[in-house]
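In the working numbering, the protein residues as written are 6 to 267. Yeah, the Cβ is synthetic: ideal placement off N, Cα and C, and Gly gets one too. Please read all numbers here as calculations on a predicted model, not as lab measurements. Structure first, commentary second.
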Ligand code: SF4
């Protein structure tokens with residue numbers, strides 16, 4: 006299939022073309038959309054997976070089954086849950102791929118020296134800008150499209166997302182294959198295809214980000230209620246390889262839960 010040329014991207018993704026594509030994709034399955042995207046953009050597409058939610062795991066499984074070499078990245082904020090770091094290692098081993106970690110230019114210590122000990126408590130927007138948005142921009146640099154895990158059922162801020170959108174912020178096409186799926190459909194896919202997901206997703210953390218900004222969700226709350234609780238903030242602004250020695254105890258405990266007899 007012909008690859009999309011950088012110089013023509015903006016023309017191709019005119020508002021009218023986007024509308025047509027989105028209408029067409031509404032009848033596609035997520036796997037079909039992922040397959041279209043991988044064929045359309047070839048090596049110029051990348052997949053974001055945080056290893057903290059069920060949607061990312063479903064997309065990872067779809068994409069790697071179609072193309073085991075698709076580049077996968079995650080923003081390593083340095084503040085992810087130990088279980089997430091450990092789970093990422095388990096997944097990488099299981100699928101036989103290596104996700105690319107993109108980190109802030111500032112270490113946590115440098116951030117504390119410059120902005121205070123708890124930037125996440127005083128200015129989480131800036132915190133996310135430094136530790137999520139900037140690394141994601143770096144990860145997307147040089148790519149023409151990315152596959153993201155957004156769904157319309159994840160709250161009002163995501164209710165109107167398209168399956169394919171042009172992202173001026175990063176200069177890439179956003180592909181949201183799960184836009185019209187809900188949590189139940191994603192979990193059905195995981196169960197039906199034996200796809201692993203972060204153990205914390207079943208322990209009150211359906212949406213998992215950094216330790217400082219994620220709390221367990223209570224029954225009846227929105228699934229993203231546990232993110233930046235207490236702040237008028239529902240999105241991080243996005244849209245190093247793990248030190249295995251540090252993660253080893255958690256890694257082993259996750260492995261024991263996931264693989265009986267290990
Ligand atoms: S979610 Fe919180 S801890 Fe993580 S980058 Fe954003 S502000 Fe920092």
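Next item on the list: Go to residue 79, then tell me how far its beta strand (DSSP E) extends in each direction, as first and last residue.
Entry: 77-81
Item checked: Residue ranges of each alpha helix (DSSP H) within the stretch 161-228, 4 or longer -> 188-197
Note to self: Mapping the DSSP letters down to three states, classify residue 3 as helix, strand or coil.
What the structure shows: The shown model of the chain, from 6 to 267, leaves out residue 3, and the question about it has no answer.
Checklist line | Range of the contiguous beta strand (DSSP E) that encloses residue 150 | finding: 150-152
Notebook entry, point to check: Quick one: any contact between the stretch 98-107 and the stretch 71-86, if contact means 3 or more CB pairs under 8 Å?
Noted result: yes
Item checked: Enclosing alpha helix (DSSP H) for residue 65 [first to last residue] -> 59-71
Check: Between residue 171 and residue 131, what straight-line distance do the alpha-carbon atoms span, to the nearest angstrom?
Finding: 24 Å
Next item on the list: Kindly list the residues whose CB is nearer than 8 Å to the CB of residue 73, restricted to its own chain and excluding five residues on each side of it in sequence; keep chain order.
Entry: 100, 101, 102
Next item on the list: Over the uninterrupted alpha helix (DSSP H) stretch that includes residue 53, give me the two end residues.
Entry: It is not in any alpha helix (DSSP H) - residue 53 instead sits in the beta strand (DSSP E) that spans 50-53.
Check: In terms of alpha-carbon separation, which member of 20, 218, 184 lies closest to residue 128?
Finding: 218
Checklist line | 8 Å Cβ shell around residue 216 - same chain, five flanking residues per side excluded | finding: 84, 85, 86
Notebook entry, point to check: Over what stretch of residues does the alpha helix (DSSP H) that includes residue 26 continue unbroken?
Noted result: 20-30
Note to self: Can you tell me which residues fall inside 6 Å of ligand 1, judged by beta-carbon distance to its nearest heavy atom, and keep chain order?
What the structure shows: 82, 84, 125, 129, 132, 133, 136, 137, 214, 215, 217, 218, 241
Notebook entry, point to check: So what's residue 155 in DSSP terms, helix, strand or just coil?
Noted result: coil
Next item on the list: Tell me residue 85's beta-bridge partners as DSSP assigns them.
Entry: 215
Notebook entry, point to check: Can you give the Cα-Cα distance for residue 21 and residue 28, rounded to whole angstroms?
Noted result: 11 Å
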